[in-house]
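Here the sequence shown is numbered in the working numbering, starting from 602 and rising by one per residue. Everything on this sheet refers to the single structure shown next.
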Amino acid sequence: MRKNSNTNRNREFSKRLDWIQGFFLLAILMFIVYLFCVQVLDIRHFRAKAQNQRRASSFVMRGNIYDRNGIKLATDTVYYDIFARKEDFVHTPEELAKMLAPILKISQVDLTEKLKQDVSLISLKKNVDRHTRDEIAKLNLREIPMDKKSIRTYPQGTLAAHVLGYYNFDADVASGVELTAKDTLENVSKASNLEMTPKGKVIYNISTDPIAATKPAKGKDVTLTIDAAVQHVCEKELMKTIEKFKAHRGAVIVMNPRNGEILAYAVYPYFDPNNFKSATSFQIKNWTLTDVFPPGSTFKAITVASAMELGKINRYTKINDTGKIKIGWWTIKNYDYAKHPKPGMIDLVYLFEHSSNVGSVLVAQMMSRFEFYSMLKKFGFGEKTGIDLPGESVGLLKYPGRWDASDHASMGYGYGSSVTAIQMVSAISAIANDGVRVTPHVIKYSPEEEAVKIKKERVMTPEHARIVTELLTESINRGKSPIKSDSYNIAAKTGTSIKPKENGTGYTNKLYTSIIGYMPSSDPQVLIYVIVDSAQGGEIWGNTVAAPIFKEISIQIAHILNLQPDKTNLTFPDKEKTEE
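Right, dumping it as structure tokens:
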């Protein structure tokens, strides 16, 4: 009985062993088939995979950035980092130091100590120029590898820094045009892939492009609408006033209202994009795009233009200016109430010339809340202008359903809403451009790109826009404005507003002073906006702080752009010519 049991057990074991052997034989067979497929049938796939493991894109440089006249504002400069690879040493540290010290301008003793470090890769010097690299290359030292890299440089220093922004190759971080035009600046039409050794040397074969192996690929260049000469004038004149009045910050924006091209964009405080890492966030931020403020009396031009377009007023409208007006519990006075307590019946030129708060409130009240709001939206308030720079804010424009009587009234003279500087430029440019608002931009686009990126929106009729321009122009010519010119008719409006507290509750004792205008008013070619934040000392008004900057800039711009004087005979283009 026991014998039969042992026999059955042996048979069962033999069967299991046969199954195990069969399984392993099958696995070996499958592995042989797999190797045959890999090494014979599918060789191309794995050959390509092996090549990709030693393939690297050629060195790519970003495109240059130029001003509208071809002046280089940003470019890539090639530098080299010099290393020593310990495993490749064929010279002693002393011998290497003797050869390299004069070229690298490092003490021979210090260089010897570096070369004696017990690490596989020793950094000797970073950011050396091409000449230094070539001198080292002549020594044919296999133990001294040199890594090529690109650094973004800005030949004009701080000029137009907030437009250009900066670019950090190491972190791939950018701002300004460096960010918005990133795809273009890095767009290489034909990228070259090279096969490299683990040590970074090119593996040449029949298909290797020798030019691509030695010459770096380069992205497309970008041309700006900025005029370097106009930009320099704006930055210089702004800086003079900032220093004179010890102001917190300021800005000057110059734009062609006909096509939306920005000729200058000066934002103080300035910073050097060549050394952006040492700049503070306060210096780097383009606050004219991000920060909002009450526009003050410059907004009166928008109030009058809105009422004009809605048919509530006309060129000859008279308003009873009582000097002060009570809205609910709040009394609104003219700024010069002490000198002119009751101006009486005033025209619209007087309203602009004397910056009548009461007159502006009464004009605003001629429009319903929803009518006024709809016009403000047409002028672009409460939304982004679409400028091709990053970080733009939409501003603050309360929905009319939530306006109370004081909101409605204060809106008329620039306190009911908060705007950005670029929104004010865009809105007033519509009046200058016969009622058409064009997207402001700093990049020169091709006709095809322009058709997509630049929008044109009719805000008011050409006739109404020209009437407002005539009223603004007459207010300057008739009054004692410091911007009055002997050669050019200028349509402009100053503004002064109290600066709100940063937490949004209440106001500080600081002021925003500003002026916005365009010239020649018979055929506007340039619009200039000046704003200064928190000027100190003396009489602080738009007329005393911002207007003198406008005056100096307008004189120099007229010369730079060769603007034709129109003072002798103020004539405005007829409707047919305007709409061509």
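All residues carry an ideal CB built from backbone N, CA and C; glycine is no exception.
Could you check which residue in the options has the C-alpha nearest to that of residue i?
i, options, result
"Val1053", "Ala865, Glu688, Thr1062, His1042", "His1042"
"Gly758", "Asp689, Leu674, Thr1169", "Leu674"
"Ile672", "Glu972, Thr1114, Leu825", "Leu825"
"Asp1005", "Asp937, Gly1139, Tyr680, Phe971", "Phe971"
"Ala762", "Ala865, Arg617, Ala908, Asn935", "Ala865"
"Ser1098", "His955, Asp1087, His941, Ser1115", "Ser1115"
"Ser1047", "Pro1101, Pro1149, Arg1059, Val823", "Val823"
"Glu1051", "Asn860, Met968, Pro991", "Asn860"
"Val764", "Asp771, Val778, Phe632", "Val778"
"Ala1148", "Ile1117, Gln1126, Phe690", "Ile1117"
Could you pull the start and end residues of the beta strand (DSSP E) that residue i belongs to?
i, result
"Arg1059", "1057-1059"
"Phe684", "673-686"
"Tyr1113", "1108-1120"
"Thr1095", "1092-1101"
"Ile752", "747-754"
"Asn728", "722-729"
"Tyr866", "863-869"
"Val853", "850-856"
"Met1182", "Outside the shown range of the chain (602 to 1181) lies residue 1182, about which nothing can therefore be said."
"Ile920", "919-922"
Applying the criterion that 16 or more other CB atoms from any shown protein chain within 10 Å of the CB defines a buried residue, is residue i buried or exposed?
i, result
"Arg655", "Reliability fails at Arg655, whose pLDDT of 47 lies under 50, so the model's placement of it is uncertain and the value that follows must be treated cautiously. Per the 10 Å Cβ criterion, exposed."
"Lys886", "buried"
"Gly1036", "buried"
"Leu563", "No answer is possible for residue 563: it lies beyond the span of the chain, which begins at 602 and ends at 1181."
"Val962", "buried"
"Val634", "exposed"
"Ala657", "With a pLDDT of 47 at Ala657, under the threshold of 50, the modelled position of that residue is not reliable, and the figure given next carries that caveat. So Ala657 counts as exposed."
"Asp619", "exposed"
"Ile629", "exposed"
"Trp888", "buried"
"Glu1177", "For Glu1177, the pLDDT reaches just 38, beneath the cut-off of 50, and the residue's location in the model is therefore unreliable, although a value from the coordinates is still provided. It counts as exposed."
"His732", "exposed"
"Tyr951", "buried"
"Ile621", "exposed"
"Met946", "exposed"
"Met1012", "buried"
"Val729", "buried"
"Lys800", "At Lys800, the pLDDT of 48 sits below 50, so the modelled position is not reliable; the number obtained from the coordinates is stated separately. By the 10 Å Cβ count, Lys800 comes out exposed."
"Leu740", "exposed"
"Ser879", "exposed"
"Thr1021", "buried"
"Lys616", "exposed"
"Gly766", "buried"
My assumption, with CB atoms under 8 angstroms, is that residue i sits in contact with residue j. Please give the rounded CB distance.
i, j, result
"Val1026", "Tyr1130", "5 angstroms"
"Val661", "Val868", "About 30 angstroms separates the two Cβ atoms, so there is no contact after all."
"Glu844", "Leu760", "Wrong, their Cβ atoms sit about 18 angstroms apart, outside the cutoff."
"Gln966", "Ala1010", "7 angstroms"
"Val959", "Asp922", "5 angstroms"
"Thr1040", "Gly987", "5 angstroms"
"Ile903", "Ala1066", "Going by Cβ atoms, the distance from Ile903 to Ala1066 rounds to 12 angstroms, so no, they are not a contact pair."
"Tyr1014", "Phe846", "Tyr1014 to Phe846, Cβ: 24 angstroms. No contact."
"Lys999", "Val1060", "Actually they do not touch by this definition, with Cβ atoms about 20 angstroms apart."
"Phe684", "Ile723", "6 angstroms"
Are residue i and residue j close, meaning C-beta to C-beta below 8 angstroms?
i, j, result
"Asn1163", "Pro1121", "no"
"Leu1128", "Ile1023", "no"
"Ile926", "Val964", "no"
"Pro896", "Gly1096", "yes"
"Asp682", "Lys727", "yes"
"Ser898", "Lys1094", "yes"
"Phe973", "Ser907", "yes"
"Tyr755", "Asn665", "no"
"Ser1007", "Ile914", "no"
"Asp989", "Thr785", "no"
"Ser956", "Tyr938", "no"
"Pro1083", "Asn1144", "yes"
"Gly855", "Ile1141", "In the sequence as presented, Gly is not what sits at residue 855; that position holds Val. The answer is no: Cβ separation not under 8 angstroms."
Kindly indicate the opening and closing residues of the alpha helix (DSSP H) around residue i.
i, result
"Trp931", "Element bounds for Trp931: not the alpha helix (DSSP H) but the beta strand (DSSP E), 931-934."
"Ser1135", "From DSSP, Ser1135 is part of no alpha helix (DSSP H); its letter is neither H nor E."
"Asn1144", "Where Asn1144 is concerned, there is no enclosing alpha helix (DSSP H), given that its DSSP letter is neither H nor E."
"Leu780", "778-781"
"Ile903", "901-910"
"Arg1038", "Here Arg1038 belongs to no alpha helix (DSSP H); instead the beta strand (DSSP E) covers 1037-1039."
"Lys925", "Careful: Lys925 lies outside any alpha helix (DSSP H), inside the beta strand (DSSP E) at 925-928."
"Ala597", "The structure shown does not extend to residue 597, since the chain spans only 602 to 1181, so no value can be given for it."
"Asn741", "Careful: Asn741 lies outside any alpha helix (DSSP H) and carries neither H nor E."
"His692", "No alpha helix (DSSP H) contains His692, which DSSP labels as neither H nor E."
"Thr842", "829-846"
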